[in-house]
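Protein chains in written order, with the working numbering: chain H, 34 to 280; chain L, 21 to 292. For glycine and all other residues, C-beta sits at the position ideal for the given N, C-alpha and C.
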């Protein structure tokens with residue numbers, strides 16, 4: 034479904050060239066949940082933004098369904114580190130944004146936004162403004178917004194990084210529930226090893242900058258996964274394997 | 021509709037102090053008329069005690085009498101109409117050009133480098149120094165007043181447009197790009213609403229200055245308008261009429277300011 038071939042990204046400043054991504058190749062199957070982990074500042078966010086088509090790689094190419102990805106695509110829904118909501122729009126209008134940009138008919142928009150809000154459990158907050166929400170709720174709105182356009186691929190950039198541990202656990206389970214219903218392909222960047230192991234079918238481990246792909250670890254834990262699985266020995270072993278792979 | 025449960029959640033965050041609340045509301049309601057009455061009475065008192073002649077300092081009663089007279093014979097309305105027309109055209113012209121330039125400056129550093137020195141230099145020249153030039157160039161008709169008005173409105177609106185557009189969160193640009201929004205959609209759905217609070221701030225300064233612009237223009241040479249009326253009344257030592265004209269200008273400025281505030285309350289409801 035998604036192929037990354039020899040991706041390389043170099044940032045040119047006035048004095049030096051900084052290589053951020055170094056020859057990364059991998060493949061993601063349709064419906065797979067893949068997490069990308071690595072030390073902070075290694076270029077995980079850059080990699081995800083390349084994969085989302087926000088900017089082009091210097092070397093290499095991205096294929097989405099065997100077609101080269103040259104610009105942002107309607108098949109990809111993006112969730113950012115910060116919720117990135119428009120403070121002047123209500124929750125409903127924020128979720129509506131992608132559908133409005135693509136000129137969908139009003140009836141369809143209403144239905145899809147309602148569905149997306151129901152999915153993240155925020156139906157009764159539709160008319161609230163972002164500043165009336167907690168951090169966790171804001172991030173749920175931003176996930177609803179990414180889902181509203183019904184993308185084939187969902188890309189998330191450390192979406193729960195700013196939340197406390199309990200909220201994060203809760204949203205992890207919610208994300209899995211959404212994924213089970215819709216079956217999108219999910220690509221998520223995180224620096225939290227336990228989060229990655231809990232969520233993913235596969236964990237891609239990146240090295241320090243310039244980021245190389247150092248290991249591709251599959252997570253054979255059974256699904257559906259719940260809180261209890263986090264405290265099983267298998268889980269710890271896998272988490273330890275991922276941790277060892279990160280230098 | 022918001023369910024009652026969530027409404028309770030939100031209202032419970034606010035602690036109500038009904039007594040203090042009512043007290044404050046009464047003060048708000050009566051403060052303005054009270055101070056205004058006090059001011060007028062002391063004004064009347066000062067004139068009585070010192071026995072100033074009317075052409076030095078008229079009493080409030082003189083002013084109200086004159087106001088009534090010029091209101092009834094249509095003089096005041098005629099001159100007010102002229103000034104309002106100039107202000108309206110001047111504001112439209114000034115705001116439109118300022119926003120266009122401001123957007124260009126905010127988006128292009130090259131344009132900013134080229135234009136910024138001249139724009140700042142222009143601002144350093146007092147409008148009363150440029151006004152005679154403008155009258156020499158375009159004549160003493162209403163056009164010169166419109167241009168002077170536009171000129172004085174231009175700068176604050178320009179600066180606030182630049183700051184407003186530059187204040188847009190870069191992440192929101194990424195969001196719009198990831199949604200494949202067009203340039204026009206980015207403008208209408210992101211830049212305009214994001215810049216609006218700062219833009220309206222500039223507009224508040226702009227509308228108050230616009231009145232000054234029109235009057236300065238009329239001072240330099242005109243045969244109608246409130247600025248002309250002040251000039252004429254001054255020449256005739258009709259000081260009450262000067263007061264009436266000034267009062268009318270104050271009312272115009274307050275109304276314009278109030279209009280922008282109203283607009284602000286409507287458009288920026290999300291900040292409440």
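Around the CB of residue 190(H), 16 or more other CB atoms lie within 10 Å, so the residue is classed as buried. The beta carbons of residue 103(H) and residue 89(H) sit about 7 Å from each other, so the pair counts as a contact at 8 Å. In this structure, the alpha-carbon of residue 282(L) lies about 36 Å from that of residue 112(H). Taken atom to atom, the span from the alpha-carbon of residue 159(L) to that of residue 105(L) is near 17 Å. Contact annotation for residue 113(H) against chain L: 191, 194, 195 [CB-CB distance below 8 Å, chain order]. Between residue 246(L) and residue 269(L), the C-beta spacing is below 7 Å. When the Cα atoms are used, residue 272(L) and residue 110(H) turn out to be separated by approximately 51 Å.
Against chain L, a Cβ distance below 8 Å from residue 127(H) picks out nothing, because the smallest value is about 10 Å.
If you draw a straight line from the Cα of residue 130(L) to the Cα of residue 165(H), it is about 40 Å long. The beta carbon of residue 69(H) is closer than 6 Å to those of 77, 222, 237 in its chain, skipping five residues each way along the sequence. Per DSSP, the beta-bridge partners of residue 68(H) are 221(H), 236(H). The beta carbon of residue 81(L) sits closer than 8 Å to the beta carbons of 64 from its chain, once the five residues preceding and following it are set aside; these are given in chain order. Close CB contacts of residue 220(L) within its chain, under the 8 Å cut and outside five residues either way in sequence, are with 280, 283, 284, 287, 288 (chain order). Assignment of residue 116(H) by DSSP, reduced to helix, strand and coil, places it in the coil class. Along the segment 128-205 of chain H, the beta strand (DSSP E) occurs as fully enclosed runs of 3 or more residues at 186-190, listed in sequence order. Between residue 132(H) and the set 212(L), 217(L), 140(L), 199(L), the nearest pair of CA atoms involves 199(L). When Cβ-Cβ separations below 7 Å define contact, residue 149(H) makes no contact with chain L. Here the alpha carbons of residue 63(H) and residue 240(H) stand approximately 26 Å from one another. Every alpha helix (DSSP H) stretch that sits fully inside the segment 163-227 of chain L and reaches 4 residues is listed by chain position as 190-198. Under the Cβ criterion of 7 Å, residue 134(H) is counted among the residues facing chain L. Looking at 152(L), 218(L), 95(L), the one whose alpha-carbon comes closest to that of residue 181(L) is 218(L). Residues of the segment 98-110 of chain H that bring their beta carbon within less than 9 Å of a beta carbon in chain L comprise 104, 105, 106, 107, 109, 110, in sequence order.
Using a Cβ-Cβ cut-off of 7 Å, residue 143(L) does not count as an interface residue toward chain H, since no Cβ of chain H sits closer than that to its own. Chain H has a Cβ within less than 7 Å of the Cβ of residue 201(L). Restricting attention to alpha helix (DSSP H) runs no shorter than 4 residues, the segment 236-281 of chain L encloses them at 246-255, ordered along the chain. For residue 60(H), the enclosing beta strand (DSSP E) covers residues 50-61.
Take the alpha-carbon of residue 227(H) and the one of residue 81(H): they are about 20 Å apart. In this structure, the alpha-carbon of residue 125(L) lies about 5 Å from that of residue 132(L). Three or more beta-carbon pairs separated by less than 8 Å are not found between the segment 232-242 of chain L and the segment 128-147 of chain H, which leaves the two stretches without contact. Close to chain L, meaning a Cβ-Cβ distance shorter than 7 Å, is no residue of the segment 213-236 of chain H at all. Closest in alpha carbon position to residue 60(L), among 157(L), 74(L), 78(L), 48(L), is 78(L).
For residue 134(L), the enclosing alpha helix (DSSP H) starts and ends at 129-144.
For residue 198(L), the neighbours in chain H by C-beta distance under 7 Å run, in chain order, 85, 87, 105, 111. Close to residue 290(L), with beta-carbon spacing below 7 Å, are these residues of chain H in chain order: 120, 121, 162.
At least one CB of chain L lies nearer than 7 Å to the CB of residue 117(H). Rounded to the nearest angstrom, the gap between the Cα atoms of residue 279(H) and residue 235(H) is 15 Å.
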